[in-house]
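Enquirer: Here numbering that gives the first Met the number 0 is used: position 91 in the sequence shown is 90, and no number is missing along the way. Idealized CB from N, CA, C, for every residue including glycine.
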Amino acid sequence: MYEFYPLLTVGAVVGVISVIFILAYFSIKDRKEAIGFDRNMKDSEIIKRLMQYAKPHAKSFILVMIIMLFSIAYDIISPTLIGNVEEMIKGDFEYKSLISYVIVYALILAVSLVSTYVQAIMLQKIGQKILSAIREDLFSHIESLSHAQLHTMPVGKLVTRVTNDTNAISMMFTNILVNLLKNVFIIVGVIGAMLLLNYGLTLMVLCFAPFIALFTVIFRKFSRKAYREVKDGTTDINTFLSENLSGMKIIQIFNREDRKMEEFEGKNTKLKSAKFRQMFVFGIFRPLVYMLYISSVLCLLYLGARGYINDTVFLGQKITGGVVVAFYMYISKFFNPIQNLAEQFNWLQSAFASAEKIFTVFDIKPDVVDEDNAIELTDVRGDIEFRNVWFAYNEGDWVLKDVSFKVKAGQTVAFCGSTGSGKTTILSLICRNYDIQRGEILIDGINIRKYTISSLRRHFGQMLQDVFLFSGTIRSNILLRKEDVSDEEVLKACRYVNADKLLDKLPSGLDEEVMERGANFSAGQRQLISFARTIVHKPEIMILDEATANIDTETEVLIQDSLEKLMNIGTLLIVAHRLSTIRRADNIIYLSHGEIKEQGTHNELLEKKGRYYELYKLQQDKAQLV
Ligand SMILES: Nc1ncnc2c1ncn2[C@@H]1O[C@H](COP(=O)(O)OP(=O)(O)OP(=O)(O)O)[C@@H](O)[C@H]1O
Ligand SMILES: [Mg+2]
Numbered sequence: 000m001y002e003f004y005p006l007l008t009v010g011a012v013v014g015v016i017s018v019i020f021i022l023a024y025f026s027i028k029d030r031k032e033a034i035g036f037d038r039n040m041k042d043s044e045i046i047k048r049l050m051q052y053a054k055p056h057a058k059s060f061i062l063v064m065i066i067m068l069f070s071i072a073y074d075i076i077s078p079t080l081i082g083n084v085e086e087m088i089k090g091d092f093e094y095k096s097l098i099s100y101v102i103v104y105a106l107i108l109a110v111s112l113v114s115t116y117v118q119a120i121m122l123q124k125i126g127q128k129i130l131s132a133i134r135e136d137l138f139s140h141i142e143s144l145s146h147a148q149l150h151t152m153p154v155g156k157l158v159t160r161v162t163n164d165t166n167a168i169s170m171m172f173t174n175i176l177v178n179l180l181k182n183v184f185i186i187v188g189v190i191g192a193m194l195l196l197n198y199g200l201t202l203m204v205l206c207f208a209p210f211i212a213l214f215t216v217i218f219r220k221f222s223r224k225a226y227r228e229v230k231d232g233t234t235d236i237n238t239f240l241s242e243n244l245s246g247m248k249i250i251q252i253f254n255r256e257d258r259k260m261e262e263f264e265g266k267n268t269k270l271k272s273a274k275f276r277q278m279f280v281f282g283i284f285r286p287l288v289y290m291l292y293i294s295s296v297l298c299l300l301y302l303g304a305r306g307y308i309n310d311t312v313f314l315g316q317k318i319t320g321g322v323v324v325a326f327y328m329y330i331s332k333f334f335n336p337i338q339n340l341a342e343q344f345n346w347l348q349s350a351f352a353s354a355e356k357i358f359t360v361f362d363i364k365p366d367v368v369d370e371d372n373a374i375e376l377t378d379v380r381g382d383i384e385f386r387n388v389w390f391a392y393n394e395g396d397w398v399l400k401d402v403s404f405k406v407k408a409g410q411t412v413a414f415c416g417s418t419g420s421g422k423t424t425i426l427s428l429i430c431r432n433y434d435i436q437r438g439e440i441l442i443d444g445i446n447i448r449k450y451t452i453s454s455l456r457r458h459f460g461q462m463l464q465d466v467f468l469f470s471g472t473i474r475s476n477i478l479l480r481k482e483d484v485s486d487e488e489v490l491k492a493c494r495y496v497n498a499d500k501l502l503d504k505l506p507s508g509l510d511e512e513v514m515e516r517g518a519n520f521s522a523g524q525r526q527l528i529s530f531a532r533t534i535v536h537k538p539e540i541m542i543l544d545e546a547t548a549n550i551d552t553e554t555e556v557l558i559q560d561s562l563e564k565l566m567n568i569g570t571l572l573i574v575a576h577r578l579s580t581i582r583r584a585d586n587i588i589y590l591s592h593g594e595i596k597e598q599g600t601h602n603e604l605l606e607k608k609g610r611y612y613e614l615y616k617l618q619q620d621k622a623q624l625v
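#1: From residue 466 to residue 612, what distance separates their C-alpha atoms?
#2: Determine the contact status of residue 154 and residue 241, defining contact as a CB-CB distance below 7 Å.
#3: Give, in chain order, every unbroken run of the alpha helix (DSSP H) that is at least 4 residues long and sits entirely within the stretch 168 to 244.
#4: Report yes if the C-beta of residue 526 is less than 6 Å from at least one heavy atom of ligand 4; otherwise report no.
#5: When the Cα atoms are used, what is the spatial distance from residue 563 to residue 379?
#6: Using the C-alpha atoms, what's the distance from residue 79 back to residue 110?
#7: Can you name, in chain order, every residue of its own chain whose Cβ lies under 7 Å from the Cβ of residue 48, other than the five neighbours on each side?
#8: Near residue 398, which residues of its chain fall below 8 Å by C-beta distance, leaving aside the five closest residues on each side in sequence?
#9: Round the Cβ separation of residue 597 and residue 569 to the nearest angstrom and send it over; I've been treating them as touching at under 8 Å.
#10: Which residue marks the beginning of the alpha helix (DSSP H) containing residue 476, and which one marks its end?
#11: Using the Cβ count rule (16 or more neighbours within 10 Å means buried), how would you classify residue 305?
#12: Rounding to the nearest angstrom, what Cα-Cα distance links residue 300 and residue 323 in this structure?
#13: Measuring straight from C-alpha to C-alpha, what distance separates residue 214 and residue 9?
#14: Looking only at its chain, what residues have a beta carbon closer than 7 Å to the beta carbon of residue 40, apart from the 5 residues adjacent to it on each side?
#15: According to DSSP, is residue 563 part of a helix, a strand, or is it coil?
#16: Can you give, in chain order, each stretch of the beta strand (DSSP E) that sits fully within the stretch 453 to 522 and has at least 3 residues?
#17: Count the other CB atoms within 10 Å of the CB of residue 74; is the residue buried (16 or more) or exposed (fewer)?
#18: How big is the Cα-Cα spacing for residue 435 and residue 518?
#19: Look at residue 408 and residue 587 and say whether their C-beta atoms are less than 7 Å apart.
#20: From the DSSP output, read off the bridge partner residues of residue 312.
#21: Under 6 Å: does the beta carbon of residue 398 sit that close to some heavy atom of ligand 1?
#22: Does the Cβ of residue 313 have 16 or more other Cβ atoms within 10 Å, making it buried, or fewer, making it exposed?
#23: In this structure, does DSSP put residue 303 in helix, strand or coil?
#24: By the 10 Å Cβ neighbour count, where 16 or more other Cβ atoms means buried, how is residue 411 classified, buried or exposed?
#25: Output the residues surrounding ligand 2, defined as those with a CB atom closer than 7 Å to any ligand heavy atom, in chain order.
#26: Using alpha carbons as the reference points, say which of 608, 271, 159, 206 lies closest to residue 138.
#27: Rounding to the nearest angstrom, what Cα-Cα distance links residue 113 and residue 96 in this structure?
#28: Measuring straight from C-alpha to C-alpha, what distance separates residue 32 and residue 404?
#29: Does the beta-carbon of residue 420, which I'm using as the reference point, lie nearer than 6 Å to any heavy atom of ligand 1?
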């Protein structure tokens with residue numbers, strides 16, 4: 000009886016700890032709010048969709064699997080080899096056979112290392128390819144979404160989708176999946192090798208497997224929760240940062256730094272404690288598995304030594320010193336992959352969560368799409384008609400009410416009216432940034448829904464209220480995607496719209512660097528650059544939303560002059576604030592609360608003595624004051 004004390008003690012300790020953990024397991028619920036993200040897709044569906052990205056690399060994956068078999072050879076063969084060396088040293092020691100063992104050992108090690116290396120490189124390459132494919136698809140999908148859909152998604156969230164989440168997926172292909180397989184192979188291989196050596200000792204090692212399984216299940220529950228908290232915290236911080244970095248100027252102007260800092264500290268602390276919790280969970284799990292490992296080593300030493308001394312023969316297998324040594328090594332090779340498996344399963348789960356988040360973005364159907372038999376809009380005259388157009392950004396909240404007007408090709412139409420009356424909205428409807436709810440918008444007599452969106456937009460030059468410049472150079476901002484334009488033509492366009500004076504002042508001219516959002520240029524300068532951009536793209540219809548921002552008189556004169564030139568090239572729809580611009584228009588449309596109140600030429604409207612007349616008088620008085 001005394002002889003079993005060591006075994007019993009080990010068993011009891013493991014048992015007590017298991018009980019504590021089982022209790023803890025049931026006392027903590029994986030609350031949905033705590034997760035912050037409900038998984039709706041089935042794992043099988045996610046796998047199916049992910050496989051589509053892996054498919055093109057199927058051959059490489061198979062090759063990687065084959066190479067992997069070589070890379071695990073060391074784990075499976077080396078313990079037996081060492082066991083044999085032990086036997087040889089104890090028995091008839093021969094220097095020659097020792098050398099041959101060492102050579103074999105070194106060879107296996109070398110093969111293992113080389114194949115691990117090759118495998119890693121191959122996987123990284125495949126992973127990066129898959130990653131960039133997903134990222135591209137995702138970005139182009141986001142590009143296809145309508146303005147209304149984009150407004151509902153915080154930029155920070157989308158950034159996390161395109162960067163972190165795609166990264167998690169690539170990790171899954173490069174690291175997790177392969178390591179999962181590798182670990183399974185190693186476990187199977189090690190069990191096989193142990194069985195060949197000694198059934199009895201293998202059984203002893205396997206006795207520990209249920210405990211490992213138990214710990215793993217519990218660990219997974221805790222770590223999943225911790226992991227999700229870390230992820231949500233990261234998304235939260237990204238969203239906060241992207242919004243507040245863009246609005247930093249406002250924060251500083253309004254002295255809101257402290258408040259924002261507090262908010263940031265809150266989010267930061269939340270992420271920090273989530274990370275701590277995650278580390279804590281891992282910090283408990285690893286020593287636990289290690290404890291199991293040590294316990295099994297103790298059992299091995301005890302049982303192995305007894306078996307060796309007593310010369311026990313079990314089903315024809317004898318325990319030798321070599322067997323004990325080999326087992327000592329196998330046990331660690333057995334526990335390692337199990338611990339890895341448990342941890343990798345979590346990575347896999349989190350990669351699935353990321354995949355699901357990405358697929359949910361993919362599943363958002365663009366709500367402004369080409370109709371089934373949409374035609375290409377090739378040649379445009381430039382006639383535009385709004386026929387009883389009703390539009391609301393939010394259902395029922397009409398922003399445009401029964402708006403009708405006609406623009407003949409080559410004409411200039413000016414929209415005026417108070418702020419919020421719907422001027423910008425009208426402009427954004429013509430190129431289908433939004434779809435209207437009632438009525439029709441026609442270009443050259445055909446409903447714009449009958450054209451493909453890309454061909455429709457090709458014929459528009461949009462110069463918006465708040466000109467957006469991308470980081471890059473002036474040249475890249477003028478050309479955008481158009482590449483077959485010489486510098487000569489770009490400069491010509493700049494001269495035409497008076498942007499050349501601006502260029503002359505810049506040390507690097509067209510190559511002058513543009514900071515994010517064009518922060519190093521004034522509103523007026525940005526407007527001039529956007530004029531040049533339009534001229535280079537030679538659109539038939541131009542849309543211009545005059546900047547409301549104050550522009551210095553010098554630039555003002557330049558803009559005025561270029562505006563007149565723009566009026567001569569094609570159809571121009573312009574939201575104008577300056578009377579001088581409006582006066583030259585062929586038709587003036589006065590809007591109020593989404594309805595057309597008056598329309599006609601400058602003189603016609605003045606004679607009418609209506610709202611436009613009042614606006615005109617007001618502006619004239621202002622001009623006199625100045
Ligand atoms: N993306 C949006 N979502 C919901 N409502 C919007 C959106 N954009 C504009 N609106 C609303 O639609 C109305 C018309 O806005 P619009 O931008 O067309 O005005 P505007 O005439 O161009 O004004 P301003 O002269 O100030 O530029 C406003 O009441 C505004 O609140
Ligand atoms: Mg506007």
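Expert: Let me spell this out:
#1: Residue mapping note: residue 466 aligns to position 467 of the sequence shown, counting from 1. Residue mapping note: residue 612 aligns to position 613 of the sequence shown, counting from 1. Cα to Cα, residue 466 sits roughly 30 Å from residue 612.
#2: On the sequence shown, residue 154 is found 155 positions in, with the first residue counted as 1. On the sequence shown, residue 241 is found 242 positions in, with the first residue counted as 1. Yes, the Cβ-Cβ distance between residue 154 and residue 241 is below 7 Å.
#3: 176 to 196, 198 to 205
#4: This structure lacks ligand 4; its bound ligands are ligand 1 and ligand 2.
#5: Against the sequence shown, residue 563 aligns to sequence position 564. Against the sequence shown, residue 379 aligns to sequence position 380. Answer to the nearest angstrom: the Cα atoms are 22 Å apart.
#6: Counting from one through the sequence shown, the residue named residue 110 turns up at place 111. Counting from one through the sequence shown, the residue named residue 79 turns up at place 80. Residue 110 and residue 79: Cα-Cα distance of roughly 17 Å.
#7: Start at 1 with the first residue of the sequence shown, and residue 48 comes out as number 49. Same-chain partners within the cutoff: 358.
#8: Within the sequence shown, numbered from 1, the residue matching residue 398 stands at position 399. The answer, listed in chain order, is 390, 391, 392, 421, 424, 593.
#9: In the sequence shown, the residue the question calls residue 597 occupies position 598. In the sequence shown, the residue the question calls residue 569 occupies position 570. Taking the Cβ atoms as the reference, residue 597 lies roughly 25 Å from residue 569, outside the contact range of under 8 Å.
#10: For the purposes of this step, residue 476 is taken as the residue at position 477 of the sequence shown. Per DSSP, residue 476 belongs to the alpha helix (DSSP H) from 473 to 478.
#11: Along the sequence shown, one-based indexing puts residue 305 at 306. Exposed: under 16 other Cβ atoms inside 10 Å.
#12: Taking the first residue of the sequence shown as 1, we reach residue 300 at position 301. Taking the first residue of the sequence shown as 1, we reach residue 323 at position 324. Computed Cα separation, rounded: 7 Å.
#13: Here residue 214 refers to the residue found at position 215 when the sequence shown is read from its first residue. Here residue 9 refers to the residue found at position 10 when the sequence shown is read from its first residue. Cα to Cα, residue 214 sits roughly 16 Å from residue 9.
#14: Reading the sequence shown from its first residue, position 41 is the one you call residue 40. 355, 358.
#15: Stepping through the sequence shown from its first residue, residue 563 is reached at position 564. Residue state, collapsed to three classes: helix.
#16: 459 to 462
#17: For the purposes of this step, residue 74 is identified with residue 75 of the sequence shown, where counting begins at 1. Result: buried.
#18: Counting from one through the sequence shown, the residue named residue 435 turns up at place 436. Counting from one through the sequence shown, the residue named residue 518 turns up at place 519. So the two alpha carbons sit approximately 34 Å from each other.
#19: Residue mapping note: residue 408 aligns to position 409 of the sequence shown, counting from 1. Residue mapping note: residue 587 aligns to position 588 of the sequence shown, counting from 1. Cβ distance not < 7 Å, so residue 408 and residue 587 don't count as in contact.
#20: Numbered from 1 along the sequence shown, position 313 holds the residue referred to as residue 312. For residue 312, which the question treats as bridged, DSSP gives the partners 317.
#21: Here residue 398 refers to the residue found at position 399 when the sequence shown is read from its first residue. Indeed, a heavy atom of ligand 1 lies less than 6 Å from the Cβ.
#22: Position 314 of the sequence shown, counted from the first residue, corresponds to residue 313. Classification for residue 313: exposed.
#23: To locate residue 303, count along the sequence shown from 1; it is residue 304. Here residue 303 sits in helix by DSSP.
#24: As a working mapping, residue 411 is identified with position 412 in the sequence shown. Under a 10 Å Cβ-count criterion, residue 411 is classified as buried, with 16 or more other Cβ atoms of the shown protein chains found around its own Cβ.
#25: Working through the chain, the matches are 422, 423, 464, 544, 574.
#26: As a first step, residue 138 must be located in the sequence shown, where it is residue number 139. Selected option, being the one with the closest Cα: 159.
#27: As a working note, residue 113 is residue 114 in the sequence shown. As a working note, residue 96 is residue 97 in the sequence shown. Cα-Cα distance, rounded: 25 Å.
#28: Position 33 of the sequence shown holds residue 32. Position 405 of the sequence shown holds residue 404. For residue 32, the predicted structure reports a pLDDT of 38, less than 50, and the residue's modelled location is therefore unreliable. The matter cannot be settled from this model.
#29: Residue numbering aside, residue 420 sits at position 421 when the sequence shown is read from its first letter. It does: the Cβ of residue 420 is within 6 Å (strictly closer) of some heavy atom of ligand 1.
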